[in-house]
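Take a look at the structure set out below.
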DNA sequence: GATTTTTTAGATCGCCCGATCAAAAAAACA
DNA sequence: TGTTTTTTTGATCGGGCGATCTAAAAAATC
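Residue numbers (my numbering), protein chains in the order written: chain D, 3 to 194; chain Z, 3 to 194.
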């Protein structure tokens with residue numbers, strides 16, 4: 003019973019993701035968001051509770067569509083080391099195109115220190131990335147394309163570190179040489 | 003001619019640094035800052051022009067007192083590799099103590115994408131850090147404590163990447179194991 | 001001591017913020 | 001068709017924001 007919602011939930015959350023991603027949590031106003039989502043402010047509050055509630059939904063949506071999707075691609079790849087190289091090539095290319103960086107890393111910086119509950123979600127999101135790297139490295143080690151002598155946890159963390167710093171430097175507008183240099187020294191080389 | 007200023011400029015800028023460092027640029031209000039600096043709002047505007055002007059001064063002060071000071075310590079160290087290890091040990095310890103991270107990295111994330119002029123200052127600041135690392139690595143190579151076969155620019159950038167990601171993870175409240183793992187795989191080992 | 005210049009204190013400006021409210025609209029039930 | 005439940009609209013709330021204004025206070029110059 004009751005009036006139907008006039009919006010598609012995934013669509014409006016995607017619009018919210020775009021807003022938070024571009025300008026951050028604090029600098030994106032409810033009015034900005036409502037305009038992007040093409041709905042009234044009261045509808046927004048009725049559907050998502052408050053700004054924080056909407057941000058949590060947006061972050062989960064970003065995790066599903068960006069992080070988890072990419073980790074699933076790694077898991078599905080026939081050649082794990084090549085897939086990692088592709089991943090980082092795309093990362094560098096995306097980082098040179100725009101300055102949005104990664105919503106997860108942006109939120110880690112802006113929101114985590116003042117919202118510990120959200121901080122835990124963000125930490126979990128990064129852990130999923132780390133674990134995805136670790137699985138892929140282990141597959142590459144079993145396959146023989148990565149030295150099995152290294153601890154896969156350490157390599158995974160080195161890759162996570164590279165992702166984070168590239169995402170930070172993307173927001174600074176740093177050049178290709180710097181980003182590629184960071185990726186090169188974190189990623190196990192292709193030919194052996 | 004004219005009335006003398008009732009405040010010590012370095013003191014009040016230090017207070018501004020503390021404010022911006024703790025809460026970021028956008029979330030620190032002029033009233034917050036004026037209270038910390040123990041001066042009236044009008045005096046603040048009279049002395050620094052506007053909020054952005056104060057932030058620029060605060061960032062320069064941070065560069066002088068934190069970044070450049072630490073780079074000077076590296077340059078002055080008798081044992082360059084040991085000094086680098088000390089630097090990163092201190093970095094990890096500080097990152098476990100509080101979530102402020104690094105004002106330069108915080109500003110890179112929050113301010114650089116929307117203020118290109120300030121972004122250039124931040125980029126210059128990080129370049130100074132990178133150059134400091136490079137000089138220290140080169141000294142270590144001449145000394146024989148670091149493999150002279152590596153390109154010092156690449157090692158320096160790997161260290162910069164480690165600093166950045168540790169600073170990000172500090173704001174997330176990540177644990178010692180993760181931070182140390184990142185540092186360990188970026189830093190040339192001590193014994194050879 | 002009068003004048004000029006600068007800094008101070010406190011009030012205030014217009015604006016935008018997150019959030020809420022009352023009332024109308026739309027759908028499901030009786 | 002009348003009742004009930006939910007969503008929508010548009011106005012509005014109190015509050016904090018960056019910035020400015022006026023006037024008084026303090027110092028240097030004449």
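Ideal placement from N, C-alpha and C gives every residue a C-beta, glycine not left out.
These figures come from a predicted structure and were not determined experimentally.
Smallest Cα separation from residue i: which of the options?
i	options	result
residue 141(Z)	172(Z), 78(Z), 162(Z)	78(Z)
residue 41(D)	86(D), 29(D), 50(D), 9(D)	9(D)
residue 21(Z)	37(Z), 120(Z), 181(Z)	37(Z)
residue 117(D)	27(D), 190(D), 64(D), 151(D)	27(D)
residue 74(D)	136(D), 55(D), 32(D), 177(D)	136(D)
residue 190(D)	123(Z), 187(Z), 145(Z)	187(Z)
residue 147(Z)	123(Z), 86(Z), 53(Z)	86(Z)
residue 109(Z)	99(Z), 122(Z), 7(Z), 161(Z)	122(Z)
residue 53(Z)	32(Z), 69(Z), 65(Z), 64(Z)	32(Z)
residue 6(D)	35(D), 176(D), 180(D), 48(D)	48(D)
residue 19(Z)	162(Z), 103(Z), 155(Z)	103(Z)
residue 55(D)	176(D), 91(D), 107(D), 35(D)	35(D)
residue 93(Z)	112(Z), 72(Z), 82(Z)	72(Z)
residue 89(D)	154(D), 100(D), 68(D)	68(D)
residue 107(Z)	98(Z), 181(Z), 125(Z)	125(Z)
Between which two residues does the alpha helix (DSSP H) carrying residue i extend?
i	result
residue 30(Z)	Segment: none, residue 30(Z) is in no alpha helix (DSSP H) and carries neither H nor E.
residue 142(Z)	118-145
residue 87(D)	82-99
residue 57(D)	53-64
residue 42(D)	It is not in any alpha helix (DSSP H) - residue 42(D) carries neither H nor E in the DSSP assignment.
residue 174(D)	154-174
residue 183(Z)	178-188
residue 148(Z)	Careful: residue 148(Z) lies outside any alpha helix (DSSP H) and carries neither H nor E.
residue 193(D)	Counting along the chain, residue 193(D) falls outside any alpha helix (DSSP H), and DSSP gives it neither H nor E.
residue 74(Z)	71-78
residue 107(D)	105-112
Distance, Cα to Cα, residue i vs residue j?
i	j	result
residue 149(Z)	residue 143(Z)	6 Å
residue 44(D)	residue 169(Z)	38 Å
residue 14(Z)	residue 24(Z)	15 Å
residue 183(Z)	residue 30(D)	35 Å
residue 115(D)	residue 57(Z)	21 Å
residue 152(D)	residue 145(D)	14 Å
residue 105(D)	residue 61(D)	8 Å
residue 165(D)	residue 3(D)	48 Å
residue 174(D)	residue 119(Z)	11 Å
residue 193(Z)	residue 159(D)	23 Å
residue 157(Z)	residue 139(Z)	7 Å
residue 16(Z)	residue 63(Z)	7 Å
residue 84(D)	residue 76(D)	9 Å
residue 167(D)	residue 50(D)	32 Å
residue 179(Z)	residue 46(Z)	43 Å
residue 96(D)	residue 80(Z)	42 Å
residue 111(Z)	residue 172(D)	9 Å
residue 133(Z)	residue 162(Z)	10 Å
residue 100(Z)	residue 154(Z)	31 Å
residue 70(Z)	residue 185(D)	26 Å
residue 66(Z)	residue 59(Z)	11 Å
residue 82(D)	residue 130(D)	17 Å
residue 39(D)	residue 11(D)	10 Å
residue 98(Z)	residue 181(Z)	9 Å
residue 91(D)	residue 176(D)	16 Å
residue 113(Z)	residue 127(D)	24 Å
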